[in-house]
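Below is one structure, written out as structure tokens, with a few remarks after it.
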């Protein structure tokens, strides 16, 4: 069965630092990949998604992710984080027709 | 954008009682909705897929008689936790997929915090 690994459980950065959060999935073949963000006290929101085409996907709020098929990875990046990016980030892969498999999440804290 | 609401946001109940949680898609129709459970410091675990007009599909290990799901309309799915016990205390989140969106994006509700005493 498909699984998703997020290796960083907690990340602490200063404002303006660059961010990269790792995400690996276990099953090859055609995959649909997502990054969701959950700000404190809010619901999950879609940051970006990959279905096909350009493996470098740009999302909202300056985030981007790169799908590397050979590495089974879909890492999330942002060149310069802001305090408002403090949140929990979840990577997910669509398994089968409509089942989303989530990683454990990464808590990001950005200090001013 | 697509908005999903949940009601209530928090509920506290006594052990042995039943609790109903509603999930609504406010500005789109959803033939498919999903119910997740989120444990502290853990990820979301899919409990079941709710299909409008038909029976829900439950994930392995989820008791269908305990977690009753009804998807009576294209904008409403309900999850009823029957005979709740303290171990059912958790954060329950629903999501809905826009019937007209071929890209399989799920939109999530704000979640319901259930505490069973």
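Chains as they are written, first to last, in our numbering: chain A, 32 to 143; chain B, 49 to 165.
Backbone N, C-alpha and C define an ideal beta-carbon position, used for all residues, glycine too.
All values derive from a computational prediction rather than experimental measurement.
Exercise. Roughly how many angstroms lie between the CA atoms of residue 105 (chain B) and residue 63 (chain B), to the nearest whole one?
Worked result: What you label residue 105 (chain B) is simply residue 57 of the second chain in a count that begins at 1. What you label residue 63 (chain B) is simply residue 15 of the second chain in a count that begins at 1. In a straight line, the C-alpha of residue 105 (chain B) is about 26 angstroms away from that of residue 63 (chain B).
Exercise. DSSP on residue 100 (chain A), reduced to helix/strand/coil?
Worked result: Within the first chain, residue 100 (chain A) is the residue found at index 69, counting from 1. Three-state DSSP puts residue 100 (chain A) in a helix.
Exercise. Are the region 89-107 of chain B and the region 127-135 of chain A in contact at 8 angstroms, needing three or more beta carbon pairs?
Worked result: yes
Problem set entry | Alpha-carbon spacing of residue 96 (chain A) relative to residue 66 (chain A), whole angstroms | Taking the first residue of the first chain as position 1, residue 96 (chain A) is located at position 65. Taking the first residue of the first chain as position 1, residue 66 (chain A) is located at position 35. Their Cα atoms are separated by approximately 8 angstroms.
Problem set entry | residue 79 (chain A), buried or exposed, once every other Cβ within 10 Å from all chains shown has been counted against 16 | Locating residue 79 (chain A) in the first chain gives position 48, counting from the first residue. Residue 79 (chain A) is buried by the Cβ-count criterion.
Problem set entry | Amino acids of chain B, ordered along the chain, whose beta-carbon sits closer than 7 angstroms to that of residue 129 (chain A) | Position 98 of the first chain, counting from 1, holds the residue named residue 129 (chain A). Neighbours of residue 129 (chain A) on chain B, chain order: 80, 97, 145, 152.
Exercise. Looking only at C-alpha atoms, which of A:64, A:40, A:85, A:44 sits nearest to residue 110 (chain A)?
Worked result: Sequence index remark: in the first chain, residue 110 (chain A) carries index 79 (1-based). Selected option, being the one with the closest Cα: A:44.
Problem set entry | For residue 128 (chain B) and residue 73 (chain B), believed in contact at Cβ under 8 angstroms, the rounded distance | In the second chain, counting from the first residue as 1, residue 73 (chain B) sits at position 25. In the second chain, counting from the first residue as 1, residue 128 (chain B) sits at position 80. Going by Cβ atoms, the distance from residue 73 (chain B) to residue 128 (chain B) rounds to 19 angstroms, so no, they are not a contact pair.
Exercise. Between the Cα of residue 70 (chain B) and the Cα atoms of B:61, B:83, B:114, which residue gives the shortest distance?
Worked result: Mapped onto the second chain, residue 70 (chain B) falls at position 22. When only C-alpha atoms are compared, the closest one is B:83.
For this session: Just the chain A side, please: which residues come within less than 8 angstroms of residue 158 (chain B) by C-beta, in chain order?
Result: Residue mapping note: residue 158 (chain B) aligns to position 110 of the second chain, counting from 1. Ordered by position in chain A, the residues that pass the 8 angstroms Cβ test against residue 158 (chain B) are 73, 74.
Exercise. For the region 110-143 of chain B, which residues have a beta carbon sitting closer than 9 angstroms to at least one beta carbon of chain A?
Worked result: 141, 143
Exercise. At what residue ranges does the region 58-119 of chain A contain a whole run of the beta strand (DSSP E), taking only runs of 3 or more?
Worked result: 63-69, 75-81, 87-89, 95-99, 104-109
For this session: For residue 103 (chain A), I'd like the list of residues in its chain whose CB is within less than 6 angstroms of its CB, leaving aside the five on either flank, ordered along the chain.
Result: Position 72 of the first chain, counted from the start, is the residue given in the question as residue 103 (chain A). Around residue 103 (chain A): 55, 56.
For this session: Flag this pair as touching only if the region 117-128 of chain A and the region 62-76 of chain A have three or more C-beta atom pairs under 8 angstroms; answer yes or no.
Result: yes
Problem set entry | the region 41-66 of chain A: positions lying closer than 9 angstroms to chain B by Cβ | 63, 65
Problem set entry | Inter-stretch contact (C-beta, 8 angstroms, three-pair minimum) for the region 79-94 of chain A and the region 52-59 of chain B | no
Problem set entry | Backbone CA spacing between residue 157 (chain B) and residue 71 (chain A) [nearest angstrom] | Numbered from 1 along the second chain, position 109 holds the residue referred to as residue 157 (chain B). Numbered from 1 along the first chain, position 40 holds the residue referred to as residue 71 (chain A). One C-alpha to the other measures close to 14 angstroms.
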